[in-house]
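**Q**
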Amino acid sequence: LLVLTVSTETNDALERFLRSANNNHFNVKVLGLGLVWKGGDVSHSVGGGQKINLLRDELRSHINLDDLLILFLDSYDVVFMDSKFRLLEEYENSNYTILFGAESFCWPDQSLEKMYPPVGPKENRFLNSGGFVGPASSLYRMVTEMPIKEDDDDQLYYTKIYLNEALRKQADGDWKSTPKTEMMSEDWNRL
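Structure, rendered in structure tokens:
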């Protein structure tokens, strides 16, 4: 298992993320350190396409590694609270190739809400691009499915693939957003 995250600068949030990863025995590689952030102001609007482009470039070197599991996470609002063994166990038990976190609201295009499959009571329905896991080769196919500009929205990119069965199958079709799981919780405080 290799954890990948994007940060163009070292800051308190990244350092907290890395400390929690180290304390829980996760191997982390930070993509983009020292680069200029061109992915938009994601705290106030859409953006994050630069994260996909950096991930795509990194995954190119792992394209033939079907046995390498990649966990991609946003680092500024995530801490690890459990071991990688727990995460691996939950992933294996899911029987899905690619797992995304889920959240309670449809962002950034609420018109897509009606296209999402229903979920049970008190389960989160909508894909959250802040955390996903899958084999390196499958994730590479996913991030090369369509081009994306640096300041386009990463969550919308993944949502469009997830909601389009033909695209999803091309990108290694066995996906699920995890509506009710401790592995991928909406506020990430239980990962």
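Under the working numbering, the residue at position 15 of the sequence shown is numbered 24, and the numbers go up by one with no gaps.
Positions of the beta carbon are idealized from the N, C-alpha and C atoms, including for glycine.
Since the structure is predicted, the reported quantities are computational estimates derived from the model, not experimental observations.
Tell me whether the beta-carbon of Asp37 lies closer than 9 Å to the beta-carbon of Val15.
**A** Residue numbering aside, residue 37 sits at position 28 when the sequence shown is read from its first letter. Residue numbering aside, residue 15 sits at position 6 when the sequence shown is read from its first letter. The sequence shown places Val at residue 37, rather than the Asp named in the question. Contact flag unset, no.
**Q** Looking only at its chain, what residues have a beta carbon closer than 8 Å to the beta carbon of Thr153, apart from the 5 residues adjacent to it on each side?
**A** Working through the sequence shown from its first residue, we reach residue 153 at position 144. Arg65, listed in sequence order.
**Q** I need the boundaries of the alpha helix (DSSP H) containing Phe81, first residue and last residue.
**A** If you number the sequence shown from 1, residue 81 lands on position 72. Not the alpha helix (DSSP H): Phe81 falls in the beta strand (DSSP E), residues 78-82.
**Q** Locate the alpha helix (DSSP H) running through Ser147, then write down its first and last residues.
**A** The sequence position of residue 147 within the sequence shown is 138, counting from 1. Residues 145-152.
**Q** Name the residue from Ser29, Leu44, Ala30, Arg28 whose alpha carbon lies nearest to the alpha carbon of Glu18.
**A** Locating residue 18 in the sequence shown gives position 9, where the first residue counts as 1. That would be Leu44, whose Cα lies nearest to the Cα of Glu18.
**Q** Tell me whether the beta-carbon of Ser84 lies closer than 9 Å to the beta-carbon of Leu27.
**A** Counted from its first residue, the sequence shown places residue 84 at position 75. Counted from its first residue, the sequence shown places residue 27 at position 18. Contact flag set, yes.
**Q** Tell me which same chain residues have a C-beta within less than 7 Å of the C-beta of Ala30, skipping the five on either side of it?
**A** Stepping through the sequence shown from its first residue, residue 30 is reached at position 21. Val12, Val37, Phe89.
**Q** Would you mind working out which of Lys185, Asp21, Met124 sits nearest Phe109, comparing C-alpha positions?
**A** If you number the sequence shown from 1, residue 109 lands on position 100. It is Lys185.
**Q** Assign Phe114 to buried or exposed, taking buried as 16 or more other Cβ atoms, counted over all protein chains shown, within 10 Å of its Cβ.
**A** Within the sequence shown, the letter at position 105 stands for residue 114. Exposed: under 16 other Cβ atoms inside 10 Å.
**Q** Taking 8 Å as the limit between beta carbons, can you name the residues of its chain near Gly58, skipping five residues before and five after?
**A** Translated into the one-based positions of the sequence shown, residue 58 becomes position 49. The answer, listed in chain order, is Gly48, Gly49, Ile157, Lys158, Glu159, Asp160, Asp161, Asp162, Asp163, Tyr166.
**Q** Gly139 by DSSP, collapsed to three states: which one?
**A** As a working mapping, residue 139 is identified with position 130 in the sequence shown. The answer is strand: DSSP assigns Gly139 an E or B state.
**Q** What does DSSP give as the partner residue(s) for Glu112 in the beta ladder?
**A** Here residue 112 corresponds to residue number 103 of the sequence shown, with the count starting at 1. Glu112 is bridged to Phe135.
**Q** Tyr149: beta carbon under 8 Å from a heavy atom of the ligand MG?
**A** Looking for the ligand MG in the displayed structure turns up nothing, as the structure carries no ligands at all.
**Q** Residues in its own chain within less than 7 Å of Asp75 by CB, not counting five upstream and five downstream?
**A** To locate residue 75, count along the sequence shown from 1; it is residue 66. Excluding residues within five positions, the ones whose Cβ falls inside 7 Å are Pro144, Ser146.
**Q** What would DSSP say about Lys158, mapped onto helix, strand or coil?
**A** Numbered from 1 along the sequence shown, position 149 holds the residue referred to as residue 158. In this structure, Lys158 counts as coil in the three-state DSSP scheme.
**Q** Quick one: Cα of Asp118 to Cα of Glu67, how far?
**A** Position 109 of the sequence shown, counted from the first residue, corresponds to residue 118. Position 58 of the sequence shown, counted from the first residue, corresponds to residue 67. Each residue's alpha carbon lies about 28 Å from the other.
**Q** Near Asn20, which residues of its chain fall below 6 Å by C-beta distance, leaving aside the five closest residues on each side in sequence?
**A** Translated into the one-based positions of the sequence shown, residue 20 becomes position 11. Result list for Asn20: empty, nothing under 6 Å.
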